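Just add 911 to wherever you are in the sequence shown, counting from 1, and you've got this note's numbering.
Quick reminder that beta carbons are idealized off the backbone N, C-alpha and C, glycines included.
Keep in mind it's a predicted model, so treat the numbers as computed, not measured.
This report refers to the structure that appears directly beneath it.
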Amino acid sequence: MPPPTIVVFDLGKVLLDFDYSIAGRRVAAQTQLSDSEVQKFLDQSPLLYRFETGLMTQQQFFEEVQRQTSFRGSFEEFGGFFADIFSEIPPMIELHAALRRKGIPTYIFSNTNALAMVHVRHNFPFFANFDGYILSYEVKAMKPDAKIYAALEEMTGRHGAEILYLDDRPENVEAGAARGWQVILHTDPTQTRTAIERLGLLAGAGAPNANLLQ
Ligand SMILES: [Mg+2]
């Protein structure tokens, strides 16, 4: 099989770590609920699913949070608490940069929401360096729904084994593999980097003078 021509990155737990307990704690401080009750309400909840599928606006999401938790703060405060949950995974940011240095087009493919994206764009410079962004709330479908995979193929103009896709969730990579994409189930940065090197995508990267030494 020829090496893939583009690399598609999941965002959460691949390039950025995230921790909803931080948001749970900050939001809960302005409600009558416990930290864990608020966290459960925000993370992997039906409400978050609707927000990340683009079925509700930021304002509607906030109003629903207010209604269900009696949050006393402003929309701006809530947005800050809700979105400030991310931290970079440095070896994966470097892996992405190495692929860019090789001239390989890269894409973000993420189940996410507008509040998180504003925060990520503002706080993480690496995020500007992709050729395109396929985001669930814009496409109105979440991985592993086939609709968002088709949207990626349409945006990139690539199909099947031309695409290499990294994601930490098995159901998401399986949906890519079912379309003939090459996939890596990401568990740790060293393994993922080795798998990409084996595909030949980083040949020579990081050792620009190797040929001179031979
Ligand atoms: Mg993920």
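Between the options, which lies nearest to residue i when the distance is taken from Cα to Cα?
i	options	result
residue 1023	949, 1111, 969, 912	969
residue 1019	978, 996, 1013, 1064	1064
residue 1098	1085, 1078, 986	1078
residue 913	1091, 1073, 925	1073
residue 915	1114, 1104, 1108, 1093	1093
residue 1135	1057, 1062, 999	As displayed, the chain neither begins before 912 nor continues past 1125, which places residue 1135 out of reach and without an answer.
residue 1091	1070, 926, 1066, 1029	1070
residue 978	944, 1011, 966	944
residue 1067	1017, 1081, 930, 966	1017
residue 1021	1010, 1028, 1039, 1046	1046
residue 1011	1040, 931, 1029, 986	1040
residue 948	976, 994, 1013	976
residue 986	938, 1036, 1056	938
residue 1028	1104, 1056, 994	994
Could you pull the DSSP bridge partners for residue i from this structure?
i	result
residue 1099	Partner(s): none; residue 1099 has no beta bridge.
residue 1093	1075
residue 919	1018, 1076
residue 1059	Note: residue 1059 sits in no beta bridge, so no partner.
residue 1135	No answer is possible for residue 1135: it lies beyond the span of the chain, which begins at 912 and ends at 1125.
residue 929	997
Would you mind stating whether residue i and residue j have Cβ atoms separated by less than 8 Å?
i	j	result
residue 973	residue 992	no
residue 1088	residue 1095	no
residue 1083	residue 1054	yes
residue 1048	residue 1062	no
residue 936	residue 928	no
residue 1051	residue 964	yes
residue 984	residue 950	no
residue 1112	residue 996	no
residue 1060	residue 1086	yes
Practice problem: Within the region 984-1034, note down every full beta strand (DSSP E) run reaching 3 residues or more, in order along the chain. | Solution: 997-999, 1017-1021
Practice problem: Mind the definition here: the region 918-931 touches the region 998-1009 only if three or more C-beta pairs lie below 8 Å; say whether that holds. | Solution: yes
Quiz item: Counting Cβ pairs, one atom from each stretch, are 3 or more of them under 8 Å apart for the region 953-966 and the region 1005-1016?
Solution: no
Quiz item: Where in the region 931-968 do unbroken runs of the alpha helix (DSSP H), each at least 4 residues long, occur, reported from the N-terminal end onward?
Solution: 931-939, 946-953, 957-963
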